[in-house]
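**Q** Let me begin by handing over the structure; questions about it come next.
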Amino acid sequence: MTIQLKNQRVLVTRNEPKASEFAQQITQYGGHAVVTPLIKIDCQHQFIGHLEMYEWIIFTSANGVRCFFKNVEKEGKEDQLAAARFAVVGPKTNQALQVFGYQAEFIPSIYDAKTMAPEFLEKHQPTGRVLLVQGQLSRPVLKEALQMKNIPVDCMKVYDTVTNWEARAQLNQALATQSFDFITFTSPSTVDAFVELTGETGVEIQSIIVCIGTTTEKRARTHEFRKILVPDEFTIEGMMEKMHEYISENKRGEPYVK
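Just so you know, we're using this note's numbering here: the sequence shown kicks off at -16 and counts up by one.
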């Protein structure tokens, strides 16, 4: 598919540096991106124990990969990962893992924890301990699925997601002075931060909302956002494809937003 976002004004709300990367792609396809990072990722120092005890290490985000290895390198525990097997929630998380010289053996067909849990357990039956590397706001889906199969599992919370209050003035000025065709949300945290920083609910927003996946969509709907697009593939590329599809269908006068 050749993506065309010509003259479309898109608000990018994800954290840096990924916000700028997203904006560059929007620009590449002819759109105009306005970047207001509404969240920040704060890596948390966690004591790294005996990593050699884990058969599998599972990452649910690229942020988790980066913060985990920051801790590993700080404590000099790289050698304890020699026998570990890795699973990741999606290709972007695997790319982050590859930066540190490792390759995931498992990636689910749909890039969310809800799909990851049953697909992982269908293909693999861990006999040793599993380490889940997550953020403070991660849902317990994977942990509960593993525990139901009596698989010993530990969770390591290596980062926290916080609202970027420094972006408040920039965000509100952008909304007051510009009309956006699309507002993008790449996590439930970006939705929460938008509402927190603007004091508005989705009822007051006329732009089309583009959520990276169903978990983010669910959070958007709890805040009363209604005109929502969700890509078939839960990636940034999928979001841009969905915007392109909406533009194409809208030109033909066909309803497209659920």
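Backbone N, C-alpha and C define an ideal beta-carbon position, used for all residues, glycine too.
#1: How many whole angstroms separate the CB atoms of G118 and Y85, which I take to be in contact at a CB cut-off of 8 Å?
#2: Per DSSP, what kind of secondary structure is R204 in: helix, strand or coil?
#3: Quick check on DSSP: helix, strand or coil for E38?
#4: Since V(-7) and H15 are thought to touch, with beta carbons under 8 Å apart, how far apart are those beta carbons, to the nearest angstrom?
#5: Considering only the beta carbon of each residue, do I31 and V55 sit closer than 7 Å?
#6: Could you check where the beta strand (DSSP E) with G118 kicks off and where it finishes?
#7: Which residues in the same chain have their Cβ closer than 6 Å to the Cβ of E207, if we skip the five residues on either side of it in sequence?
#8: In this structure, how does DSSP classify I211 when only helix, strand and coil are distinguished?
#9: Only counting runs of 3 or more residues, tell me where the beta strand (DSSP E) segments fall wholly within the stretch -14 to 63, in order along the chain.
#10: If I'm right that L80 touches K60 with Cβ under 8 Å, what's the distance once you round it to whole angstroms?
#11: Quick one: is N46 near chain D, going by C-beta distance under 7 Å?
#12: Counting C-beta neighbours from all protein chains within 10 Å, is the total for V82 16 or more, i.e. buried, or is it exposed?
#13: When the Cα of G103 is compared with those of A176, R202, G111 and L129, which residue comes out closest?
#14: Measuring CB atoms only, is the stretch 210 to 230 touching the stretch 148 to 159, in the sense that at least three cross pairs come out at less than 8 Å?
#15: Looking only at C-alpha atoms, which of R68, R49 and L64 sits nearest to K75?
#16: Thinking I22 and N(-2) are a contact (beta carbons under 8 Å), I'd like their distance in whole angstroms, please.
#17: Assuming contact is defined by CB atoms lying nearer than 7 Å, are F165 and V193 in contact in what I supplied?
#18: In the DSSP assignment, find the alpha helix (DSSP H) that holds R245 and state where it starts and stops.
**A** Reading off the structure:
#1: 20 Å between Cβ atoms; not a contact.
#2: helix
#3: strand
#4: 7 Å
#5: yes
#6: R112 to G118
#7: T184, G185 and V186
#8: strand
#9: -8 to -5, 15 to 18, 22 to 26 and 37 to 42
#10: With 8 Å as the limit, L80 and K60 do not qualify as a contact, their Cβ atoms being about 16 Å apart.
#11: Absent here is chain D; the protein component of the structure consists of one chain.
#12: exposed
#13: It is worth fixing the name first, because residue 103 is Phe in this sequence and not Gly. The residue with the shortest Cα to Cα distance from F103 is L129.
#14: no
#15: R49
#16: 5 Å
#17: yes
#18: Any answer about residue 245 is impossible in this case: the structure gives the chain only from -16 up to 241.
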